[in-house]
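S.K.:
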Amino acid sequence: MKNRVILLILDGLGYSYARQLMGNLEGWVEAGEARVWQGHAVLPSVSGPCYASIHTGLTPQDHGVTSNYHEGKLEDADIFSAVRAAGGTTAAIAHSFFSDYFQASPFDPMRDMEVDDIHRPIQHARFYTMAGANKAQPATPSDIDLFWQMSLLIERHQPDYFLFHSCTLDSLGHNYGFDSIQIDKNCYTIDAALGDFIPRWQAQGYDVIITADHGQSARGHHGGTEAIMRDIPIYYFANPNHVIQGPPPDYVISQTAIAPSILQRMGIAIPESMQTTPVWI
Ligand SMILES: [Zn+2]
2 MKNRVILLIL
12 DGLGYSYARQ
22 LMGNLEGWVE
32 AGEARVWQGH
42 AVLPSVSGPC
52 YASIHTGLTP
62 QDHGVTSNYH
72 EGKLEDADIF
82 SAVRAAGGTT
92 AAIAHSFFSD
102 YFQASPFDPM
112 RDMEVDDIHR
122 PIQHARFYTM
132 AGANKAQPAT
142 PSDIDLFWQM
152 SLLIERHQPD
162 YFLFHSCTLD
172 SLGHNYGFDS
182 IQIDKNCYTI
192 DAALGDFIPR
202 WQAQGYDVII
212 TADHGQSARG
222 HHGGTEAIMR
232 DIPIYYFANP
242 NHVIQGPPPD
252 YVISQTAIAP
262 SILQRMGIAI
272 PESMQTTPVW
282 I
């Protein structure tokens, strides 16, 4: 494995909100220690379809996840299967949709909630379902607890690819609108925590990529073609021992480029189904 990669998906964090609110991430970009690009989400700009596109490099029209009502493991190659095929180790802390699409379907809490099994596609996994979420109780786990949980799994297993997904911003946005003090404050919470965790993960030997599945409107909606729903941030924090070569700052990265780009960065063969040209070396 050439490089180990952590991919963080901050659900619902659109490009403009990220650039305005994530002061630590932006500080590193301004200091020249990290890169940021605008990404372009697939359509529909909905969680499940975007999760599947980020990992397969295919559009929803090709991978078949066209809404959050989809259930069933995907047949196409994805980042986890490509890393496993190359003899690498995989891990995830994420919503149970990721287990359903890439691990086993349907999601069975007693089998799938907590996994440490080298024979499964995602070998070290901790999933959450957000069952019972409502306006008074979003049922999202604490972002900071999840960051620690990831750090512990890294220390124990040194996975080559680690997916982290948090849903707090999307849930708060649906409840209060993205143009709200609740979003401002939760972005601050996550950004402050990342100020500590990114250097920790880099020191543990990782490139850290931070993106979103989709954005969200000021009213608290997404799914369509509006820029505020489709434009997503893609931050890149390279392992300090490795320089990253990427496109120029104004290049817009397609969401379907993320999977092949991560695999290329890791030095892993890109499956034939991933046709978008990779952007990182
Ligand atoms: Zn989402």
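Counted the way this note's numbering counts, the sequence shown spans residues 2 to 282. Every residue, glycine too, gets a C-beta built ideally from N, C-alpha and C.
Which of helix, strand or coil does DSSP assign to Pro234?
M.R.: Residue state, collapsed to three classes: strand.
S.K.: Could you say which of Ile235, Ile155 and Gln62 lies nearest to Pro250 if we only look at CA atoms?
M.R.: The option with the nearest alpha carbon to Pro250 is Ile235.
S.K.: Answer yes or no: do Ala42 and Leu75 have a C-beta to C-beta separation smaller than 8 Å?
M.R.: Not a contact, by the Cβ cut-off of 8 Å.
S.K.: Using the Cβ count rule (16 or more neighbours within 10 Å means buried), how would you classify Pro107?
M.R.: It is exposed - the Cβ of Pro107 has fewer than 16 other Cβ atoms within 10 Å.
S.K.: Asp113 to Phe128, Cα distance in whole Å?
M.R.: In a straight line, the C-alpha of Asp113 is about 7 Å away from that of Phe128.
S.K.: What span of residues does the alpha helix (DSSP H) with Ala184 cover, start to end?
M.R.: Strictly speaking, residue 184 in this sequence is Ile, with Ala absent from that position. Looking at the DSSP string, the run of the alpha helix (DSSP H) that includes Ile184 is Ile182 to Ala204.
S.K.: In angstroms with no decimal places, state the Cα-to-Cα distance between Tyr189 and Ala78.
M.R.: Taking the straight line joining both Cα atoms gives about 36 Å.
S.K.: Could you have a look at Asp251 and say whether DSSP puts it in helix, strand or coil?
M.R.: Asp251 falls in the coil class under three-state DSSP.
S.K.: Compute the beta-carbon to beta-carbon distance between Val116 and Ala126, rounded to the nearest angstrom, for a pair I have assumed lies under 8 Å.
M.R.: Right, the Cβ-Cβ distance comes to about 4 Å (below 8 Å), so this counts as a contact.
S.K.: Please report the Cβ distance between Arg201 and Val6, rounded to the nearest whole angstrom; I am assuming they are in contact, meaning their Cβ atoms lie under 8 Å.
M.R.: Incorrect: roughly 15 Å between the Cβ atoms, too far for contact.
S.K.: Smallest Cα separation from Gln159: which of Ala93, Lys136 and Tyr252?
M.R.: The shortest Cα separation from Gln159 among Ala93, Lys136 and Tyr252 belongs to Ala93.
S.K.: With DSSP run on the structure shown, which of helix, strand or coil describes Arg121?
M.R.: Arg121 falls in the coil class under three-state DSSP.
S.K.: Can you tell me where the beta strand (DSSP E) with Thr91 in it begins and where it stops?
M.R.: Looking at the DSSP string, the run of the beta strand (DSSP E) that includes Thr91 is Thr91 to His96.
S.K.: Cβ of His41 within 7 Å of any heavy atom in ligand 3?
M.R.: For ligand 3, the structure offers nothing, since it holds only ligand 1.
S.K.: With DSSP as the reference, label Tyr102 as helix, strand or coil.
M.R.: DSSP places Tyr102 in helix when its eight states are reduced to three.
S.K.: Restricting to Cα atoms, I'd like to know which of Thr257, Leu264, Ile282 and Ile263 is closest to Gln276.
M.R.: Cα-wise, what sits closest to Gln276 is Thr257.
S.K.: Which word fits Trp149, buried or exposed, when buried means at least 16 other C-beta atoms lie within 10 angstroms of its C-beta?
M.R.: Exposed, because fewer than 16 other Cβ atoms sit within 10 Å of the Cβ of Trp149.
S.K.: Mind checking who His41 pairs with in its DSSP beta bridge?
M.R.: For His41, which the question treats as bridged, DSSP gives the partners Asp232 and Ser255.
S.K.: Starting from Thr60, follow the alpha helix (DSSP H) in both directions and report where the run begins and ends.
M.R.: Premise fails: Thr60 is in no alpha helix (DSSP H) and is neither H nor E.
S.K.: Could you check what DSSP says for Val244 in three-state terms: helix, strand or coil?
M.R.: It is coil, neither helix nor strand.
S.K.: Output the distance between the C-alpha atoms of Leu170 and Asp12, rounded to the nearest integer angstrom.
M.R.: Roughly 6 Å separates the two Cα atoms.
S.K.: Applying the criterion that 16 or more other CB atoms from any shown protein chain within 10 Å of the CB defines a buried residue, is Arg220 buried or exposed?
M.R.: By the neighbour-count rule (16 or more Cβ atoms within 10 Å), Arg220 is not buried but exposed.
S.K.: Could you tell me which of Arg231, Asp232 and Ser262 sits nearest to Ile245, measuring between CA atoms?
M.R.: The residue with the shortest Cα to Cα distance from Ile245 is Ser262.
S.K.: Could you tell me the distance, in whole angstroms, from the CA atom of Ala194 to the CA atom of Gln203?
M.R.: Between Ala194 and Gln203, the C-alpha separation is close to 14 Å.
S.K.: Return yes when the Cβ of Pro139 is within less than 8 Å of the Cβ of Thr91, no when it is not.
M.R.: No. Outside cutoff.
S.K.: Quick one: does the C-beta of Ser172 sit closer than 7 Å to a heavy atom of ligand 1?
M.R.: It does not: the Cβ of Ser172 is nowhere closer than 7 Å to a heavy atom of ligand 1.
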